[in-house]
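Asks: Residue numbers (this note's numbering): 1 to 270. Here a beta-carbon is modelled for each residue, glycine too, at the ideal position from N, C-alpha and C. This structure is a prediction, so every number in the text was calculated from the model and none was measured.
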Ligand code: ADP
Ligand code: MG
């Protein structure tokens, strides 16, 4: 499977009105207990993400990226602040409404693909539906075509490469037609060529299906695919910038090194 064949696997499906309003992140604060200490993982982060925007969240290890993504996804509750998705304050929802909302509105992708080893690629994609979620307008076959893996439908994960497994995980995240695709270091365990294929796929989902995509990464090569980069440092939003000002990933990397990594040393211990 080449990047070209992924790029050319076009589909005529038009997305629903998913993501018709921006994602709003207001003043998010989250502390974690670590032994007898408390770590301020996020300290008053606010941001706005527009419909069909592709945003990368960058920052050093421990800067709060995963915490922010988990708060947006409603996996973790904030100590302060709120998150609004399509006008709904996800941070005020509790189960079962929270689970229902999450299943419908949010597709999650992680570094470790988290596929079920005994299920075929097709059934792994269908898993959210088999678990009681609703299926969106995209059929499994359409999703398999979209990710360029029609011929792998009956393969089990151990017969698929890392890049193919991650494409299946992305298709699984899209089966219920979520407004938001949230990915936490999705290319972290892939080689650089495969990583670019995954980035191209996420960009196509934005371009062709109007998805809003938020990807956590510390790789400038990945961030370069986004429209905008939000940079976290020590649990705070340090800066944000548009990627189009950079001619290539090297230029983005140089800027990132200079501005971001010049100071700061981890989350605040209270
Ligand atoms: P990143 O994804 O940028 O590497 P994280 O959001 O995972 O950073 O973590 C930010 C800070 O919060 C780190 O100091 C981390 O150790 C701490 N942290 C994150 N999750 C937990 C948790 N569940 N329990 C305790 N500390 C946590
Ligand atoms: Mg992380």
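When we look at the beta-carbon of residue 64 and count the other beta-carbons within 10 Å, is it buried (16 or more) or exposed?
Replies: Classification of residue 64: buried, given that the 10 Å Cβ count is 16 or more.
Asks: For residue 189, which of 166, 27, 174 and 208 has the nearest alpha-carbon?
Replies: The residue with the shortest Cα to Cα distance from residue 189 is 166.
Asks: Can you tell me the Cα-Cα spacing of residue 15 and residue 210, whole angstroms?
Replies: With a pLDDT of only 36 at residue 15, under 50, the local geometry of the prediction cannot be trusted, and no value is derived from it.
Asks: Would you kindly work out how many angstroms separate the C-alpha atoms of residue 53 and residue 102, rounded to a whole number?
Replies: Residue 53 and residue 102: Cα-Cα distance of roughly 19 Å.
Asks: Find out if the Cβ-Cβ distance for the pair residue 143, residue 174 is shorter than 8 Å.
Replies: Yes; because the gap between Cβ atoms is below 8 Å, this pair is in contact.
Asks: So residue 201 and residue 168 are supposed to be a Cβ contact under 8 Å. How far apart are they, rounded?
Replies: In fact, because the Cβ distance is near 11 Å, the residues do not count as touching under 8 Å.
Asks: Just the C-alpha distance for residue 138 and residue 36, rounded to the nearest angstrom, thanks.
Replies: Whole-angstrom Cα-Cα distance: 48 Å.
Asks: The beta strand (DSSP E) that contains residue 241, what's its start and end?
Replies: Per DSSP, residue 241 belongs to the beta strand (DSSP E) from 236-242.
Asks: Using 8 Å for Cβ pairs, my map puts residue 187 next to residue 217. What's the rounded Cβ distance?
Replies: With 8 Å as the limit, residue 187 and residue 217 qualify as a contact, their Cβ atoms being about 7 Å apart.
Asks: How many angstroms separate the CA atom of residue 272 from the CA atom of residue 180?
Replies: Residue 272 lies beyond the stretch modelled for the chain, which goes from 1 to 270, so this question has no answer here.
Asks: Given a cut-off of 8 Å on the beta-carbon distance, is the pair residue 47 and residue 244 in contact?
Replies: For residue 47 and residue 244, no; Cβs fall outside 8 Å.
Asks: Leaving aside the five residues before and after residue 176 along the sequence, list all residues of the same chain whose C-beta is less than 8 Å from its C-beta, in chain order.
Replies: The answer, listed in chain order, is 103, 104, 107, 128, 129, 133, 134, 135 and 136.
Asks: Does the contact criterion of 3 or more C-beta pairs under 8 Å hold for the region 73-88 versus the region 223-240?
Replies: Touching, no.
Asks: So, helix, strand or coil for residue 167, using DSSP?
Replies: It is helical.
Asks: Can you tell which of 241, 252 and 235 has its C-alpha closest to the C-alpha of residue 28?
Replies: With distances taken between Cα atoms, residue 28 lies closest to 235.
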